[in-house]
Amino acid sequence: MEALSLRDDVSDKTALAGQNTLQLIAFSIGEQTYGVEITTVREIRAWNGATPLPNTREFVRGVINLRGTIVPIFDLRARFGDGQTSPTKNHVVVVMSVGDKWVGILVDAVSDILTVSKDDIHNVPEGNSIDTELLNGIVTHDSRMVGLIDLHAVVSGAKMDG
Numbered sequence: 002m003e004a005l006s007l008r009d010d011v012s013d014k015t016a017l018a019g020q021n022t023l024q025l026i027a028f029s030i031g032e033q034t035y036g037v038e039i040t041t042v043r044e045i046r047a048w049n050g051a052t053p054l055p056n057t058r059e060f061v062r063g064v065i066n067l068r069g070t071i072v073p074i075f076d077l078r079a080r081f082g083d084g085q086t087s088p089t090k091n092h093v094v095v096v097m098s099v100g101d102k103w104v105g106i107l108v109d110a111v112s113d114i115l116t117v118s119k120d121d122i123h124n125v126p127e128g129n130s131i132d133t134e135l136l137n138g139i140v141t142h143d144s145r146m147v148g149l150i151d152l153h154a155v156v157s158g159a160k161m162d163g
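Residue numbers (the working numbering): 2 to 163.
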């Protein structure tokens, strides 16, 4: 009977530790590393182009047909105001769920799966309004700064006004 209560105690501690950590898919754009919560990622696929859409902003590359689902593709470099990506066969699209919709973001490369403590997430420093608007926080992992992407902010404002 004693062993059973010990086992329960261990599993409770493991569950608590799991609640305080976050698993991220890390990807790069140039020298910068960004991450999104792994639970939002549905698929990682090679860049094969996208069908452009009229009246969209420069950071919307177009749409792809993913097994019958139309998925808009956002150029994360352009969304951060650094100009459009010139995609090569090495670029990838990370397909994620944002609410009940799927979206893809074009990135240079997927680099890692990171486990970080929620306590290590810091607020985005004031100064760069685009970064402040598009990031939920910043975490340091193995001496790298990783920006945590706010997916809802990234995909908002895709249509041109007027």
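Note that beta-carbon positions come from the ideal geometry of N, C-alpha and C, so glycine has one too.
Judged by DSSP secondary structure, Val125 falls outside any alpha helix (DSSP H); it is assigned neither H nor E.
Contact fails between the stretch 58 to 71 and the stretch 109 to 122, because fewer than three Cβ pairs, one in each stretch, are under 8 angstroms apart. A straight-line Cα-Cα distance of about 22 angstroms links Ser29 and Ile65. About 20 angstroms separates the CB atoms of Val156 and Ala27; that is not less than 8 angstroms, and the two are not in contact.
Counting along the chain, the unbroken alpha helix (DSSP H) around Arg80 starts and ends at Leu77 to Arg80. Sorting Leu67, Gly63 and Ile71 by C-alpha distance to the C-alpha of Gln85 places Gly63 at the top. When DSSP states are grouped into helix, strand and coil, Glu44 belongs to the strand group.
Of the other Cβ atoms in all chains shown, fewer than 16 fall within 10 Å of the Cβ of Arg68; this residue is therefore exposed. Selection His153, Ala154 and Gly105 evaluated against Gly50 yields Gly105 as nearest (Cα-Cα).
Distance from the Cα of Gly158 is smallest, within the candidate group Glu127, Thr52 and Leu135, for Leu135.
Unbroken beta strand (DSSP E) stretches of 3 residues or longer found wholly inside the stretch 62 to 122: 70 to 76, 93 to 99, 102 to 108 and 110 to 118, given in chain order.
DSSP places Leu54 outside both helix and strand once states are collapsed to three, so it counts as coil.
Separation of Pro73 and Asp143 (C-alpha to C-alpha, rounded to the nearest whole angstrom) is 33 angstroms. Phe75 and Leu149 have their C-alpha atoms spaced approximately 16 angstroms apart. Going by C-alpha positions, Ala79 is about 15 angstroms away from Val95.
Nearest to Thr52 by C-alpha distance, out of Glu38, Ile71 and Tyr35, is Ile71. Asp83 and Pro126 have their C-alpha atoms spaced approximately 19 angstroms apart.
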